[in-house]
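Read through the structure below, which is laid out as C-alpha cells, and then see the notes.
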Amino acid sequence: MSNQNGACVYQKENSYWEYRFVVRIDGKRIGRKKCTDEFGNRFKTKREAIAARDAAIVALRTEKTAKPKPVRKLVKEVFSELCAEGRKDRAYMTIRKQDSLWENHLRDRFGNRYIDEISSTDVVDYLSELYYNGTAKGYNILEVQLLTVLLLFAAWA
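For the sequence shown, our numbering assigns the number 4 to the initial residue and increments by one for each residue that follows.
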C-alpha cells in the first residue's frame, strides 16, 4: 500500500517509532497520529510502524466510505409501514384511534414531509396549536397525539 516507503514514519527520541497520515474522504481532511498498535504496544521497528500505518489508512477508508446514506422517507410512507407491520398486536380500538388521528390531524400537517426534516420544535408547535386552538379538549388527547407521533419516529428509526 505504501508507495512512499516510510514517509510519515519517524523515530522518536525514546527509540520507538510513530506514524502519521492525512487522508481526504468526501472532501474532508482526516488526520491520524499514532505510536502504538491496536493492543497498546509501541512500535519497535520502522517496518511495524509502516505496516500499521497502511492498515490504519485502509481501515479508515473502509470505515468512512462503507456507511450507506439513510433512506429518506415521507411520513405517510412510514405510517403505511407502521400500519402494515407494526400494529398486529394492538387492540382494534387502538388501531381505529390511530387511523382517526392520522386522517384528521397528522396527514394534512406532516404527511408530505420527509421524516428527517421534522424537528422537535415542529412537533411541539403542532401540539401547542392543538391545545390552544381548542382542537384538543385536554391533555389526554394531546398525549395520544404525541404517542402516535413518537410511534412514527420509532418505526422510522
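From the three backbone atoms N, C-alpha and C, an ideal C-beta is built for every residue, glycine too.
Return the bridge partner residues of LYS37 from the DSSP annotation. TYR22
Excluding five sequence neighbours on each side, which residues of the same chain lie with their C-beta closer than 8 Å to the C-beta of ARG116? LEU77 and VAL78
Which of helix, strand or coil DSSP assigns to PHE46: strand
Could you tell me which of GLU21, ASP29 and GLY34 sits nearest to ASN44, measuring between CA atoms? GLU21
First and last residue of the uninterrupted alpha helix (DSSP H) at VAL81: 78-84
TYR127 lies in the alpha helix (DSSP H); which residues open and close that run? First, the amino acid is wrong: residue 127 is Val here, not Tyr. Segment 123-135, the alpha helix (DSSP H) holding VAL127.
Have a look at ALA55, ASP29, ASN107 and LYS47 and flag the residue whose alpha-carbon is nearest the alpha-carbon of ARG23. ALA55
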